[in-house]
Ligand code: SF4
Ligand code: SF4
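Chains as they are written, first to last, in the working numbering: chain A, 757 to 1055; chain B, -13 to 209.
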């Protein structure tokens, strides 16, 4: 089931929103659904999906950290569909669990036994950004652009979990990924060259070691600014929360202005495709993108 | 000792063990690793095997090139560098490695995994060490991070999904600290991003079963 169907029907995926898209990343969920619909990608939410365990299940052993994402994979197999995952952290957990169950029949058996469904290995796990950009291709997306995103100098931030570990994931290069850069170009914006595309922002310490997060996130934001970006685009709700929500705190800590609006790639798509819903997203951002959009006439 | 360039200069090498015998045990396995005394302490010769079993990593393959440490974005906050953690496991210095901050500060970002020329996954070694430390009742020097993982998983076990509000409340209770980031929490709340009511999965029994049957299924005990 790994390849997209050749016929012209809508592409269908089992959609795994993950916990963040139901809470802190509501605007990611909304823009994902709107853009997918406009591009003819059908997302069917996996019924009764559960949390993937994120980074916390790792410390409780391999079985639990495979079993939690495993149940979702088994449910998607019942739907006969590949899985689309917008959150980079969830994507990482689901894709790694899938790869491990495919290569380790003993592990697959254990998870199947507990969940009560037999693992088949028939559903691929794919990040939403890969599906949106690569299924129909950038030309098809370019043809849908109503407003060129001129004036947007975008630092494309992939974060750590979207492309690593490359031995398992590998939809793009682990050090120099280009998927979002190419997308920004297709939308009429300008991707900047910068070295922190896949640097970790420290999201897992968001509620605990705030000092550590502020240093890591601050480094990423300052690098983006110093490389000439006037905004950042990302594909992960954890990255977004950190880069957007923490920015004010980092600015008052160091007394310097950063002032970078952060976008989900789906928001930039919605903006360029002229989908009105995107206006309702901006009020959910801590750093308002509206001044920049007015300045660059992208609205 | 290799460090992240330009950072972490304040870190010192791990102190030699001071000798608490509770964690360190004498060897009894067949391989002829004799109980060498280092700084008056006998290495735990089973630690390496245990870590290898739990992590699926060949600890012995690490040749201490330091690539993992050079690329680690959290090295500036760690007490042991990632390559030192692996080295201490190789040496069986359980007490030091199980009590270090580094195993809790590892963000799991996989940079080290992508860069290790020996295909060792240092983050998986850290995961295994956290598991062993918890099993052996070793107090985590990063108590809040440990409490966070617990609160997170409790939330998932209870409702099948993470419910931020409930998790934050539990974290507050556990760490007896008013959440450091009240403004941040409130900010999320006013933006309508934190919902006060959990939306649990319907088949909660299914998730509970996963926890019951798969949690710590792998033996972490010595014997
Ligand atoms: S990169 Fe690999 S071989 Fe080098 S020190 Fe780290 S774990 Fe060992
Ligand atoms: S996974 Fe952990 S040890 Fe490895 S680079 Fe990331 S933070 Fe450092």
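Don't be surprised by glycine CBs; every beta carbon is placed ideally from N, CA and C.
Asked                                                                                                                                         : Found
Residue-chain proximity (residue 75 of chain B, chain A), Cβ-Cβ < 9 Å                                                                         : no
Beta-carbon contacts of residue 922 of chain A that lie in its chain and below 6 Å, excluding the five residues immediately before and after  : 930
Neighbourhood of residue 195 of chain B by C-beta, 6 Å cutoff - its chain only, sequence neighbours within 5 removed                          : none
Length at least 4, wholly inside the region 942 to 1006 of chain A: the alpha helix (DSSP H) runs in chain order                              : 966 to 982, 993 to 996
Euclidean distance between Cα positions of residue 33 of chain B and residue 981 of chain A                                                   : 46 Å
Beta-carbon contacts of residue 1041 of chain A that lie in its chain and below 8 Å, excluding the five residues immediately before and after : 783, 1000, 1017, 1018
Assigned exposure category for residue 803 of chain A - 16 Cβ within 10 Å defines buried                                                      : exposed
Helix, strand or coil at residue 769 of chain A according to DSSP, with G and I counted as helix                                              : strand
Identity of the residue in B:64, B:37, B:62 nearest residue 78 of chain B by Cα                                                               : B:37
Within 9 Å of chain B by C-beta, residues of the region 810 to 824 of chain A in sequence order                                               : 810, 811, 812, 813, 814, 815, 816, 817, 818, 819, 820, 821, 822, 823, 824
Proximal residues, the region 889 to 906 of chain A versus chain B, C-beta separation under 8 Å                                               : none
Range of the contiguous beta strand (DSSP E) that encloses residue 909 of chain A                                                             : 909 to 913
For residue 840 of chain A: DSSP bridge partner residues                                                                                      : A:771, A:882
Cross-strand partners of residue 797 of chain A (DSSP beta bridge)                                                                            : A:767
Test: residue 187 of chain B CB closer than 9 Å to a CB of chain E                                                                            : The chain inventory of the structure shown lacks chain E, comprising the protein chains A and B.
The region 910 to 918 of chain A in contact with the region 818 to 834 of chain A per 3-pair CB rule at 8 Å                                   : no
Closer than 9 Å to chain A by CB, residue 86 of chain B                                                                                       : no
Touch test, the region 836 to 854 of chain A against the region 881 to 900 of chain A, Cβ-Cβ under 8 Å, three pairs minimum                   : yes
Residue 922 of chain A Cβ short of 8 Å to ligand 1 heavy atom set                                                                             : no
Proximity test, residue 210 of chain B beta-carbon vs ligand 2 heavy atom, cut-off 8 Å                                                        : Examination of residue 210 of chain B is not possible in this model, given that chain B is present from -13 through 209 alone.
Beta carbon proximity, residue 32 of chain B to chain A, threshold 9 Å                                                                        : no
Residues sharing a beta bridge with residue 1018 of chain A, DSSP                                                                             : A:988
Sufficient close CB pairs (3 or more, under 8 Å) joining the region 850 to 868 of chain A to the region 895 to 902 of chain A                 : no
C-beta atoms of residue 48 of chain B and residue 96 of chain B nearer than 9 Å                                                               : no
Environment of residue 955 of chain A [buried if 16+ CB atoms lie within 10 Å]                                                                : buried
Touch test, the region 125 to 142 of chain B against the region 952 to 971 of chain A, Cβ-Cβ under 8 Å, three pairs minimum                   : yes
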